[in-house]
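Below is one structure, written out as structure tokens; comments come after it.
Residue numbers (my numbering), protein chains in the order written: chain A, 1 to 163; chain B, 164 to 466.
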């Protein structure tokens, strides 16, 4: 049987809607699991992004959505659309999904290769801290440790504004 | 002064044609246009009174910075500069009334209280409307992802809170919520309730009492609510002058409202018509500019 729970868990919305304007759009939705109405804002520059779209999970929620947001649907501020299959796929940052073994292997690379192909491309602090811990445990040379630490401070710092 | 004595003295002024100057002075004192502008416009934008001859430019001083310093070294210094940012364009507002002397003397025109009161309200509405209408056209559905929300019905708590939040991030703080009475009225409904993330509602008793007693709410989340009173063009066409589909949230320091020169008045009796006509006018020059448009938030599409 196709229940609301099934729909949510298998990521199959009953219907999906998105905003069409650049500004934000305030809409009412109905949560049929808790039986409560919600008011939410659809926002963001990209109208196909997660924050600019909303799903209904069954006919009741959809009927509520269409009734309460009639004006938006009439004026075209909100339109129905079909979500792409993989819209909620998580795209990890560089090395964010690497295992401990992967990181250990990377640390065994020659210094210049490590720096150019890996260290310079990392954008997440979490990976650097994992790398640093492994490097310290494995007693890597100072150049590895100092450079990883330098990269961490680079990410932790923030630019001061200049007029 | 007792009310009757005041009325008697006013009636005396109205009747005596040698004391029309005193009558005009009394009306001016009652209206206090300077105060209206100061009090009301100061709630919307920063307010400055310029004198005739002052330069009509907004200047900004730049360049004062704090450096970290190594003791014993010659410090870096920032040169202070003045940037002339924008020019003011002046407009003139006038409240002008006349009355034929026969009626004035008969006392038919009502008390000076009511005349002055009406003039005061009109002047205040004119200024607020002018600024409100101009400011609400800055952001539209198509030109900003951050400072405009379309609401397909009444204003909602979510939309208003998001607007205040945005303004608190782009300015030192939200200064006023402005709109027509119709557009702002739904705030009185949702402001009475606190709502938890699990949608459990609890009554805010103080707010509920204020609304119950006065039918209105002075502020929301500590931000004053200012009503731009609706006005109509002509009795036959009856077009609304204030957009009722918009609410504006204004931040601190988004712009400046200026008056140029003081409030001037003119009083004379035109002897050409029969019976003669007593004329009285108050006028002032003003202008305003917005130099931080990110500090304005428009909640539109209300119905």
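A virtual CB, placed ideally from N, CA and C, is assigned to each residue, including glycine.
Check: Cα-Cα separation, residue 5 of chain A to residue 51 of chain A; Outcome: 22 Å
Check: Chain-ordered residues of the region 72-105 of chain A with a beta carbon less than 7 Å from chain B; Outcome: 72 and 77
Check: Residue 25 of chain A at chain B interface by Cβ criterion, 8 Å; Outcome: yes
Check: Other residues of its chain near residue 19 of chain A: CB distance less than 7 Å, five sequence neighbours each side excluded; Outcome: 25, 42, 47, 52, 77 and 78
Check: Residue(s) in a DSSP beta bridge with residue 412 of chain B; Outcome: B:340 and B:460
Check: Straight-line gap, residue 390 of chain B to residue 318 of chain B (C-alpha atoms, nearest Å); Outcome: 15 Å
Check: CB contact below 8 Å: residue 22 of chain A versus chain B; Outcome: yes
Check: CA nearest to the CA of residue 388 of chain B, picked from B:380, B:394 and B:409; Outcome: B:380
Check: Minimum C-alpha distance to residue 220 of chain B - residue among B:192, B:251, B:231 and B:227; Outcome: B:251
Check: Extent of the continuous alpha helix (DSSP H) to which residue 323 of chain B belongs; Outcome: 320-333
Check: For residue 448 of chain B: DSSP bridge partner residues; Outcome: B:255 and B:423
Check: Candidates B:174, B:293 and B:324: closest to residue 343 of chain B by CA position; Outcome: B:293
Check: For residue 156 of chain A, the residue or residues it bridges with in DSSP; Outcome: Paired residue(s): none; residue 156 of chain A is not in a bridge.
Check: Identity of the residue in A:111, A:146, A:103 and A:115 nearest residue 126 of chain A by Cα; Outcome: A:103
Check: Chain-ordered neighbours of residue 44 of chain A on chain B, where CB pairs are closer than 9 Å; Outcome: 308
Check: Any C-beta of chain A under 8 Å from that of residue 177 of chain B; Outcome: no
Check: Interface residues of the region 56-73 of chain A facing chain B [CB-CB below 9 Å]; Outcome: 68, 69, 70, 71, 72 and 73
Check: Residues near residue 162 of chain A by beta carbon distance below 7 Å, same chain, minus five either side; Outcome: Caution is warranted here: a pLDDT of 44 is assigned to residue 162 of chain A, below 50, making its placement in the model unreliable, and no coordinate value can be reported.
Check: 7 Å Cβ shell around residue 331 of chain B - same chain, five flanking residues per side excluded; Outcome: 337
Check: Proximal residues of chain B, C-beta to C-beta of residue 126 of chain A below 8 Å; Outcome: Chain B residues near residue 126 of chain A: none, gap ~26 Å exceeds 8 Å.
Check: Listed by chain order, chain B residues near residue 172 of chain A by CB distance under 9 Å; Outcome: Residue 172 of chain A is absent from the structure shown; chain A starts at 1 and stops at 163.
Check: Distance CB(residue 333 of chain B)-CB(residue 458 of chain B) smaller than 8 Å; Outcome: yes
Check: Neighbouring residues, chain A, relative to residue 240 of chain B (Cβ below 7 Å); Outcome: By Cβ distance, chain A contributes nothing, its closest Cβ being about 15 Å from residue 240 of chain B, past 7 Å.
Check: Proximal residues of chain B, C-beta to C-beta of residue 41 of chain A below 8 Å; Outcome: 312, 321, 322 and 325
Check: Per-residue DSSP class, three states only, for residue 454 of chain B; Outcome: coil
Check: CB contact check: residue 205 of chain B to chain E, cutoff 8 Å; Outcome: The question asks about chain E, but that chain is absent: this structure's protein chains are A and B.
Check: Paired residues, beta bridge with residue 358 of chain B - DSSP; Outcome: B:364
Check: Euclidean distance between Cα positions of residue 197 of chain B and residue 373 of chain B; Outcome: 30 Å
Check: Candidates A:110, A:67, A:54 and A:61: closest to residue 81 of chain A by CA position; Outcome: A:54
Check: For residue 79 of chain A, the residue or residues it bridges with in DSSP; Outcome: A:18
Check: Within-8 Å CB hit, residue 315 of chain B to chain A; Outcome: yes
Check: Contact with chain A by residue 466 of chain B, beta-carbon distance below 8 Å; Outcome: yes
Check: C-beta neighbour in chain A for residue 304 of chain B, strict 8 Å; Outcome: yes
Check: Coarse secondary structure for residue 351 of chain B, derived from DSSP in three states; Outcome: helix
Check: Status (buried if at least 16 other CB within 10 Å, exposed otherwise) for residue 234 of chain B; Outcome: exposed
Check: Given residue 460 of chain B as reference, the closest of B:189, B:297, B:434 and B:172 once Cα atoms are compared; Outcome: B:297
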